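Novice: All letters in the sequence shown, in the order written, are residues -26 to -1, 1 to 55 by mature numbering (1 follows the signal peptide of the UniProt record, and there is no 0).
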Amino acid sequence: MERMSLKLVFLFSLTVIVFCSSLGDAREMVKEEVNCLPPVAPIMDSYETNASCRRDNECIKYCPKGCKIVNCNFGTCFCEC
């Protein structure tokens, strides 16, 4: 019985030490302000053109160069750059 309680005390102490050390790491991360995301998300400008269309590829000539998304929605060209 004595050995069992010694093992339990040891395991409990080990658990407390591991828990406290993980809290210390978290505090250091907050101090260092660790962040994987960029500070500002990129913003895409949306343009609605007056051009009429039937398909997406018809809108390419009406959108500024470099637009990544060109859509024909309900007969109107939309550009996102």
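Ideal Cβ placement from N, Cα and C applies to all residues, glycine included. Only a predicted model underlies this, so the values are computations on that prediction, with no experimental measurement involved.
1. Ignore the nearest five residues each way along the sequence and tell me which others in residue 41's own chain have a CB closer than 6 Å to its CB.
2. Identify, in the order they occur along the chain, each residue of the same chain with its Cβ nearer than 8 Å to the Cβ of residue 37, setting aside the five sequence neighbours on each side.
3. Per DSSP, what kind of secondary structure is residue -17 in: helix, strand or coil?
Specialist: Straight from the coordinates:
1. So the list reads 53, 55, once near-sequence residues are dropped.
2. Within the same chain, residue 37 has close Cβ partners 21, 23, 44, 51, 53, 55.
3. In the structure shown, residue -17 sits in a helix (DSSP, three-state: H, G or I).
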